[in-house]
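> For the sequence shown, position 19 matches number 19 in my numbering, and the numbering has no gaps at all. A virtual CB, placed ideally from N, CA and C, is assigned to each residue, including glycine.
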Amino acid sequence: MTDKIKVIITDDQKVVKIPTGIRMLVRRCCHAVLQLENYKGSAEIGVTFTDDESIRNMNKLYFDRDVEASVLTLPTDGFETESGSRYLGNIVISIEKAVQNSSVHGHSLQREVAYLTAHGVLEIFGYSYNEKSGRLEMREKEEWTLYQLGLPASSSYIAHKM
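1. Is DSSP giving Asn90 helix, strand or coil here?
2. So, is Leu116 buried or exposed, given that buried needs 16 or more other C-beta atoms within 10 angstroms?
3. Just list the residues that DSSP pairs Asp11 with in beta bridges.
4. Helix, strand or coil, according to DSSP, for Thr81 in the structure here?
5. Could you tell me the distance, in whole angstroms, from the CA atom of Glu142 to the CA atom of Val16?
6. Let me confirm a value: Ser94 is counted as buried when at least 16 other C-beta atoms fall within 10 Å, else exposed. Which label applies?
7. Please classify Ile43: does DSSP put it in a helix, a strand, or coil?
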């Protein structure tokens, strides 16, 4: 079990009103992934909701890719905060893209935001869809996390994402 986990959530967009309960879901999702990864110690993770234009600009700035993304992960070197926790990184979620994805896949915005959060936290731990060998393991961990949160996938969603 982990010590103290702090999730700092910021909403820097004005396009989509963040529904009640999403912030708590994001916190629970971060905790679930850290537990799944057997993380020990105190940690902080930043999660920012943004819009499509901003995430595209960040993708270009940080990764030299001029495309929109659903989620970007900016891991840190785990520096120690004033409180003695390790700051693990930032996860940036395009809430516009999350709304779009939830509609395309026929599930709730809550499930999509939890999926993107789990994906981001797993990337902080070094998992990547870019490496074919790790893709299946990452998907299994994402789905296990969502299952733990009471957000199981439909078969059509799993087929689209694989």
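Based on what the coordinates show:
1. If DSSP states are grouped into helix, strand and coil, Asn90 belongs with the strands.
2. Classified as buried, Leu116 has 16 or more neighbouring CB atoms from the shown chains inside 10 Å of its CB.
3. As a beta-bridge residue in DSSP terms, Asp11 pairs with Phe49.
4. In the structure shown, Thr81 sits in coil (DSSP, three-state: anything other than H, G, I, E or B).
5. The straight-line gap from Cα to Cα measures roughly 24 Å.
6. Flag for Ser94 reads buried.
7. The sequence shown places Ala at residue 43, rather than the Ile named in the question. Reduced to three states, the DSSP call for Ala43 is strand.
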